[in-house]
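Asks: Take 1 as the starting number for the sequence shown in the numbering used here and just add one per residue.
The structure that follows is given in the form of structure tokens.
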Amino acid sequence: MEERSDILWRMRLIYFLMAFFALLVIGKVAYIQFAEGEYWREMARRTTTRYATIEAIRGDIYADDGSLLATSVPVYEIRMDLSNTVTSDDLFYSQVDSLANELSRLFRDRTAAQYRAALVRARRQQQRYFLVKRHVSWGELRKLRQFPLFRLGQYGGGLIVEQHSRREMPYRNLAARTIGYEREGVYVGLEGAYRDYLEGIEGKRLERRAGGGTWMPVSDQNEIQPQNGQDLVTTINIRIQDIAEEALRRQLSRFRATNGTAVVMEVSTGKIKAVSNLSRNERTGTYAESYNYAIGQSAEPGSTFKLPVLLAAMQDGVVTPHDSIDARDGQITYYGRTMRDVGDEEHGVITVQEAFEISSNVAVSQIIYNAYKDNPQQFIDRLKNMHLHNKLNLEITGEGSPLIRDVGDQGWSRLSLPWMSIGYEVSFTPLQTDIL
């Protein structure tokens, strides 16, 4: 009797323990359902759906006559939902041969048998985001939409089309560094300077996980359409650009120069009509654009600097265009260093205007040296009042800094004043030189 009571007691204890644990499980389920339900539902949504970015089409870049310098060409990625929730076995297998034939005929990259084998294999695996072809053109897409199964669309035949864009430059390397490009997420040239205007606003698309690490769009109704970028019209003239680039290439090849640049500016308006930057490939001996020397590389401007130099002297009342100066037959010595004019023709007494016309180093240096040798900083201050020491603050990044030394700066010497007057011991980029 006692043994029976002991067994009953143990059974009751096990029963109550099981009931207790059942209540705990029910309570936890209820807690998760009602207290934490929204959190876990959101977690489920995040792991099965997401909002993906739809890239906007970048705006076009035009030359001054409306010719395209850079444009975005749409390209498409073709995928297919091969699950039996979209197409029945009867429909799929009745048209897969025809579809494979058409795909092979259009793309010519695989045989019809290879296309069929790939489609059937993906069908058996119930792939919902099977890749058919990348980099499909608009013309190819138009034909493809008429193929068996594909003509039924996404929900009738499983066709999934994703649009991307590829940047194209119709004139290839012509002004390529000025127009710009994107490399590893960094934009240069006009592409970078006006990026905010060109790139537009991205859209959003709801996608669901399709397995194998891939995602597929849910439906077009869930899309936020992108806003395409604005177009940019430049002052570049294609004909002038072509002439300038070819002339630069000939001269660089003639002297086997490492690099060179040419800038053509319309003087009456200040508009830049052509910019060419060429670097030599030592392996092939050919020239191509790789760096924007016109904007980024500073150098001594030489005789082009004589214009602001003489303007400074005239503003200070040192000379007038009709004053006379002895050109000394093209040779003068300052502190043991000889300066010469370029060319064989010798000149004696000439006017300031003539000195500028023949670009006489000797005459111009004498004008500046004689006027400012006791106070060279006055000459430098006059140049800086013209803001020649300031950058142009171009939208294109990478502009080099002008150099005009003050008296007492490192590198200043007794020779600095006469040599500055003819464009040495100062430096500017070619584009900065263009405005001198």
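Note that beta-carbon positions come from the ideal geometry of N, C-alpha and C, so glycine has one too.
Just checking my contact of R249 with A312 at CB under 8 Å: how many whole Å lie between their CB atoms?
Replies: In the sequence shown, residue 249 corresponds to position 249, counting from 1. In the sequence shown, residue 312 corresponds to position 312, counting from 1. Contact flag wrong, Cβ pair sits at about 37 Å.
Asks: How about M216 and R124: are their beta carbons less than 9 Å apart?
Replies: Position 216 of the sequence shown, counted from the first residue, corresponds to residue 216. Position 124 of the sequence shown, counted from the first residue, corresponds to residue 124. Result no, Cβ atoms of M216 and R124 do not sit closer than 9 Å.
Asks: Should Q227 go down as buried or exposed, given a rule of 16 or more other Cβ atoms within 10 Å for buried?
Replies: Along the sequence shown, read from residue 1 onward, the residue named residue 227 stands at position 227. It counts as exposed.
Asks: Nearest to D60 by alpha carbon, out of L69, A52 and L310?
Replies: As a position in the sequence shown, residue 60 is number 60, starting the count at 1. Considering only alpha carbons, the answer is L69.
Asks: What number of angstroms, rounded off, separates the C-alpha of V73 from the C-alpha of E168?
Replies: Taking the sequence shown and counting its residues from 1, the one referred to as residue 73 is at position 73. Taking the sequence shown and counting its residues from 1, the one referred to as residue 168 is at position 168. Cα to Cα, the separation comes out at about 7 Å.
Asks: Rank R239, E245 and E282 by C-alpha distance to the C-alpha of A257 and give the top, closest one.
Replies: Walking along the sequence shown from the start, residue 257 turns up at place 257. Nearest of R239, E245 and E282 to A257, Cα basis: E282.
Asks: Do I422 and F305 have their C-beta atoms closer together than 9 Å?
Replies: Within the sequence shown, the letter at position 422 stands for residue 422. Within the sequence shown, the letter at position 305 stands for residue 305. Contact flag set, yes.
Asks: Where does E395 land, buried or exposed, given buried means 16+ other C-beta within 10 angstroms?
Replies: Locating residue 395 in the sequence shown gives position 395, where the first residue counts as 1. It counts as exposed.
Asks: Does the separation of the CB atoms of P301 and T433 fall below 9 Å?
Replies: For the purposes of this step, residue 301 is taken as residue 301 along the sequence shown, with counting starting at 1. For the purposes of this step, residue 433 is taken as residue 433 along the sequence shown, with counting starting at 1. Closer than 9 Å, so yes.
Asks: Spatial neighbours of L174 within its chain, please: C-beta separation below 7 Å, excluding the five flanking residues on both sides.
Replies: Locating residue 174 in the sequence shown gives position 174, where the first residue counts as 1. So the list reads Q241, D242 and E245, once near-sequence residues are dropped.
Asks: Express the C-alpha separation of Q126 and A112 in angstroms, rounding to a whole number.
Replies: Within the sequence shown, residue 112 is the residue found at index 112, counting from 1. Within the sequence shown, residue 126 is the residue found at index 126, counting from 1. Cα to Cα, the separation comes out at about 21 Å.
Asks: Have a look at Y171, A274, S165 and A176 and flag the residue whose alpha-carbon is nearest the alpha-carbon of G229.
Replies: Along the sequence shown, one-based indexing puts residue 229 at 229. If we check each option's Cα against that of G229, S165 comes out closest.
Asks: So what does V275 bridge to, in DSSP terms?
Replies: The residue given as residue 275 occupies position 275 in the sequence shown. Paired residues: V263.
Asks: Tell me, please, whether the segment 48 to 56 touches the segment 93 to 108 by the rule of three or more beta-carbon pairs shorter than 8 Å.
Replies: Verdict: no, contact absent.
Asks: In three-state terms, what does DSSP make of W412?
Replies: Start at 1 with the first residue of the sequence shown, and residue 412 comes out as number 412. In the structure shown, W412 sits in coil (DSSP, three-state: anything other than H, G, I, E or B).
Asks: How about the segment 334 to 351 and the segment 408 to 425: do they share at least three Cβ pairs that are nearer than 8 Å?
Replies: At 8 Å Cβ cutoff, the stretches touch.
Asks: If you draw a straight line from the C-alpha of T338 to the C-alpha of I358, how long is it?
Replies: For the purposes of this step, residue 338 is identified with residue 338 of the sequence shown, where counting begins at 1. For the purposes of this step, residue 358 is identified with residue 358 of the sequence shown, where counting begins at 1. T338 and I358: Cα-Cα distance of roughly 19 Å.
Asks: For A122 and R110, what's the separation of their Cα atoms in angstroms?
Replies: Sequence index remark: in the sequence shown, residue 122 carries index 122 (1-based). Sequence index remark: in the sequence shown, residue 110 carries index 110 (1-based). Spanning the two alpha carbons is a distance of roughly 16 Å.
Asks: Please state whether the Cβ-Cβ distance between Q154 and D89 is less than 9 Å.
Replies: Working through the sequence shown from its first residue, we reach residue 154 at position 154. Working through the sequence shown from its first residue, we reach residue 89 at position 89. Not in contact: Q154 and D89 (Cβ atoms no closer than 9 Å).
Asks: Among residues of its own chain, excluding the 5 on either side of H347, which ones have a beta-carbon nearer than 6 Å to its beta-carbon?
Replies: Taking the first residue of the sequence shown as 1, we reach residue 347 at position 347. Counting only Cβ-Cβ distances below 6 Å, and skipping sequence neighbours, we find A327.
Asks: Note the first and the last residue of the continuous beta strand (DSSP E) segment covering Q331.
Replies: As a working note, residue 331 is residue 331 in the sequence shown. Where Q331 is concerned, the enclosing beta strand (DSSP E) stretches over Q331 to Y334.
Asks: Could you check the C-alpha separation between N259 and S276 for me, to the nearest Å?
Replies: Start at 1 with the first residue of the sequence shown, and residue 259 comes out as number 259. Start at 1 with the first residue of the sequence shown, and residue 276 comes out as number 276. Near 11 Å, if we compare the C-alpha coordinates of S276 and N259.
Asks: From which residue to which residue does the beta strand (DSSP E) around I325 run?
Replies: Here residue 325 refers to the residue found at position 325 of the sequence shown. That run of the beta strand (DSSP E) goes S324 to D326.
Asks: Quick check: the Cα distance between V218 and R128, rounded to an integer number of angstroms?
Replies: Residue numbering aside, residue 218 sits at position 218 when the sequence shown is read from its first letter. Residue numbering aside, residue 128 sits at position 128 when the sequence shown is read from its first letter. Between V218 and R128, the C-alpha separation is close to 11 Å.
Asks: So, for E425: in the same chain, excluding its five sequence neighbours on each side, which residues have a beta-carbon less than 6 Å away from its beta-carbon?
Replies: As a working mapping, residue 425 is identified with position 425 in the sequence shown. Closer than 6 Å at Cβ, skipping near neighbours: S416 and W419.
Asks: Assuming Y287 contacts R280 under a Cβ cut-off of 8 Å, what Cβ separation, rounded to an integer in Å, is found between them?
Replies: Walking along the sequence shown from the start, residue 287 turns up at place 287. Walking along the sequence shown from the start, residue 280 turns up at place 280. Their Cβ separation, rounded to whole angstroms, is 6 Å, which keeps Y287 and R280 in contact under 8 Å.
Asks: Alpha carbon to alpha carbon, how far is G139 from I224?
Replies: Translated into the one-based positions of the sequence shown, residue 139 becomes position 139. Translated into the one-based positions of the sequence shown, residue 224 becomes position 224. Approximately 26 Å between the Cα atoms of the pair.
Asks: Measuring straight from C-alpha to C-alpha, what distance separates G296 and V86?
Replies: As a working mapping, residue 296 is identified with position 296 in the sequence shown. As a working mapping, residue 86 is identified with position 86 in the sequence shown. Looking at the two C-alpha atoms, the distance is approximately 58 Å.
Asks: Can you tell which of V120, S67 and V75 has the C-alpha that lies nearest to the C-alpha of Y93?
Replies: To locate residue 93, count along the sequence shown from 1; it is residue 93. Of the candidates V120, S67 and V75, the one whose C-alpha sits nearest the C-alpha of Y93 is V120.
Asks: Please give me, in chain order, every unbroken run of the beta strand (DSSP E) with length at least 3 that falls completely inside the segment 329 to 373.
Replies: For the segment 329 to 373, whole beta strand (DSSP E) runs of length 3 or above, ordered along the chain, are 331 to 334, 337 to 340 and 349 to 351.
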